[in-house]
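See structure below.
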Amino acid sequence: MSDLTNETVKNIEVTLNSVDRALGRLREGTYRSCIVCGGEIEESILAGNPFSTTCKTHT
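What the sequence shown shows, in numbering that gives the first Met the number 0, is residues 0 to 58, in sequence order.
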């Protein structure tokens, strides 16, 4: 088994938590909605970071 640093494990946990939240938003039907204004999150933002929760205005 390879040695994982605490930082690597932390980064993996952060990513998994982001995936979990994004999946929850998909289930709720709010995945593309900005959590600040409720507007649509632009495709270009989601293409760069599929875990984004805010639109261009609130980034």
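In this text, a Cβ means the ideal position worked out from N, Cα and C, and glycines have one as well.
None of these values were measured; they are calculated from a predicted model.
Assigned exposure category for residue i - 16 Cβ within 10 Å defines buried
i, result
"Ile34", "exposed"
"Cys54", "buried"
Segment limits, alpha helix (DSSP H) that includes residue i
i, result
"Val13", "Asn5 to Glu27"
"Glu41", "That residue, Glu41, is in no alpha helix (DSSP H); it is neither H nor E in DSSP."
Whole-number beta carbon distance between residue j and residue i, since they are thought to touch under 8 angstroms
i, j, result
"Glu42", "Ser32", "Wrong, their Cβ atoms sit about 13 angstroms apart, outside the cutoff."
Practice problem: Check whether the segment 11-31 touches the segment 39-55, counting contact only when three or more Cβ pairs, one atom from each stretch, lie closer than 8 angstroms. | Solution: yes
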